[in-house]
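Colleague:
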Amino acid sequence: MVTKELLRDVPLDSPIRDDIELLQSEASRCREILAGLTDAPERKSESPLDLTPVTVLLTELAEAAETLATEVDMVPSPDCAGDEPTLPRTPELVHGLTNFINNATQFAQNRVAITVLWDAEDLAILIEDDGPGFPTTVLDRLGEPYISTREGESGHMGLGVFIATTLLFHTGATVEFGNGDRSDPEGGGLGGARVLIAWERDRLSGDLAWGGKSWGAAPLPPLAGSRESAAE
9 MVTKELLRDV
19 PLDSPIRDDI
29 ELLQSEASRC
39 REILAGLTDA
49 PERKSESPLD
59 LTPVTVLLTE
69 LAEAAETLAT
79 EVDMVPSPDC
89 AGDEPTLPRT
99 PELVHGLTNF
109 INNATQFAQN
119 RVAITVLWDA
129 EDLAILIEDD
139 GPGFPTTVLD
149 RLGEPYISTR
159 EGESGHMGLG
169 VFIATTLLFH
179 TGATVEFGNG
189 DRSDPEGGGL
199 GGARVLIAWE
209 RDRLSGDLAW
219 GGKSWGAAPL
229 PPLAGSRESA
239 AE
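So the working numbering is basically just the index in the sequence shown, starting at one, shifted up by 8.
1) May I ask which residues mark the beginning and end of the beta strand (DSSP E) holding V185?
2) Using 8 Å as the threshold, is the C-beta distance between L101 and T182 below it?
3) Whose C-beta lies closer than 7 Å to the C-beta of F142 among residues of the same chain, with five residues either side of it excluded?
4) Alpha carbons only, please: which of D58, V124, D138, S36 is nearest the one belonging to W207?
5) Of the choices K12, V18, R16, P23, whose alpha-carbon is the least far from that of S33?
6) By DSSP, does I122 sit in helix, in strand, or in coil?
7) Put P84 into one of helix, strand or coil per three-state DSSP.
8) Report all residues from its chain with a CB closer than 6 Å to the CB of E92; omit the five preceding and five following residues, and keep chain order.
9) Among residues of its own chain, excluding the 5 on either side of E129, which ones have a beta-carbon nearer than 8 Å to its beta-carbon?
10) Who are the near neighbours of L66 in its chain, counting only those whose CB is closer than 8 Å to its CB and skipping five residues on each side?
11) Going by Cα to Cα distance, which pick from T113, V64, E136 is closest to T75?
12) Would you tell me roughly how many angstroms separate the C-alpha atoms of V18 and D26, rounded to the nearest one?
13) Pick helix, strand or coil for T113, following the three-state DSSP scheme.
14) Would L20 be called buried (16 or more neighbouring beta carbons within 10 Å of its own) or exposed?
15) To the nearest angstrom, how far is it from the Cα of G139 to the Cα of T63?
Printed below as a string of structure tokens:
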């Protein structure tokens, strides 16, 4: 409402008109995202039947994100230990994971890899691509509002990453951003952007099923140039 009133009152040649139009478009984008979460068929439930093995959920999201130009692979790490964790299909969780997977496909040259690792204590999901990686100028501030990964593009304020990070944070996850090491082609990574999402496993069947709490996961092997995002 405020942006519409401002657009009505501000002259077409005003130096701030472009800023107001950008605010209006991003507010509309936020409204669409929130409407999608509200209308999503996934709902929180105390029923154990609503819990899905993490590999099954990630496979579904990977298949949905795959394009003719980009291959999306989901593989469990060979270092997985113990029973496979299950995740509730909450709108917050599905939207957060989908956002980062879709972002990876948009920037990838040919391939996106989703690696899942679990043990008795933690669950971690690593999403990486073979694209150019995150710009170093914004890497330390990713997950904050108005910080965009799309350098040189107008009309984008990074709200998608901020919303996805915040939604995952409220499921109890930590989110780290980094870039692969292009100088080490034998290292196994794709060399592009990397997003690491992690939970403490003992909360997965408890607080996460009820919407999550604010808590930090145990330390995991760091990504190059990564940081823990505290989406407060």
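Where is the CB? At the ideal position from N, CA and C, for every residue including glycine.
This structure is a prediction, so every number in the text was calculated from the model and none was measured.
Modeller: In terms of the structure at hand:
1) Here residue 185 turns out to be Phe, not Val, going by the sequence shown. Its beta strand (DSSP E) spans residues 182–187.
2) no
3) L150, T157, F185, N187, A201
4) V124
5) K12
6) strand
7) strand
8) P61
9) E208, R209, D210, A226
10) M82, L105, I122, V124, I133
11) T113
12) 10 Å
13) helix
14) exposed
15) 24 Å
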